[in-house]
Structure formats: structure tokens, C-alpha cells
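Visitor: Numbering (the numbering used here), first residue to last: 28 to 156. Shown below is the structure under consideration.
Structure follows, in C-alpha cells:
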């Protein structure tokens, strides 16, 4: 990270599934978070409720409709905790399941949701440069 910090004005991170844990780590770690301006996570895995309180950077949650790895109770905790801060954006993708961004399959409606998720992430990052 120290190599990257000196060369770029804006560092933003995106993680899918397990990569979401890495994104959250980067934006809550005391030494690393100063370099990262924003993060986006799609169908996150391995997050724990305590991390919600530590998020101090803008973050986009791209949520599958059905996701056993980011269950509703955990999502609600993250939303409730982060809502007052204005740092989190949650977007739902109807008809999707865990993994839809990286493994959309052949169903046109899921591919459409994947494409929307990609565009949503791009817009989020542009907003948080």
C-alpha cells in the first residue's frame, strides 16, 4: 500500500464475495484507510457485525436478493449502524443470488443485473474520487 499511496491521488477498492472482507479491512485499518477513499462490495462474505461500527469511508453494498452469506439480519445491522453516517449506499438486485456479479450464468435477467451492478460501481467511484 505504501508504494501505491505515493503515486495516486485516489485509491478505491472493490471486492466480490471474499474480496469484500479485504475491502472492509482496507477501509477500517488505521494505517491503510487514509489511502483508500472508498470501497464497494458485492455479495459480501465473512463480514462481522463489529466491522460496521469501524467503517469511516464511503462504501457501496451491492446486495443479492437471496444471499445466505450476507443474511438479512447482518445486512440490517450494517444498514442501521451506517445509515446515520451517510457513508453507506445499499443497492438491491432483484432476482439474484450470492455470486451474481462474478457468476451471472446464462439467464438474461441476471446478466442485466450484473451489468447494472458494474455501472452502479463505476458511478459510485466517480462520485467518490
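Yeah, the Cβ is synthetic: ideal placement off N, Cα and C, and Gly gets one too. Quick caveat, the model's predicted, so the values are computed rather than measured.
Quick check: what's the CA-CA separation for residue 82 versus residue 51?
Guide: Taking the first residue of the chain shown as position 1, residue 82 is located at position 55. Taking the first residue of the chain shown as position 1, residue 51 is located at position 24. Using only the alpha carbons, I get a separation of about 7 Å.
Visitor: Since residue 122 contacts residue 95 with CB under 8 Å, what's their CB separation in whole angstroms?
Guide: The sequence position of residue 122 within the chain shown is 95, counting from 1. The sequence position of residue 95 within the chain shown is 68, counting from 1. About 16 Å; that fails the 8 Å criterion.
Visitor: Can you list, in chain order, the residues of its chain whose CB lies under 6 Å from that of residue 99, leaving out five sequence neighbours each side?
Guide: As a position in the chain shown, residue 99 is number 72, starting the count at 1. Within the same chain, residue 99 has no close Cβ partners at all.
Visitor: Could you spell out where the alpha helix (DSSP H) holding residue 69 opens and where it closes?
Guide: Here residue 69 refers to the residue found at position 42 of the chain shown. Where residue 69 is concerned, there is no enclosing alpha helix (DSSP H), although the beta strand (DSSP E) it sits in stretches over 63–69.
Visitor: Pull up the CB-CB distance for residue 74 and residue 116, whole angstroms please, since I reckon it's below 8 Å.
Guide: As a working mapping, residue 74 is identified with position 47 in the chain shown. As a working mapping, residue 116 is identified with position 89 in the chain shown. The pair is not a contact, with the Cβ atoms about 16 Å apart (cut-off 8 Å).
Visitor: In chain order, which alpha helix (DSSP H) runs of at least 4 residues are fully inside the region 62–111?
Guide: 99–109
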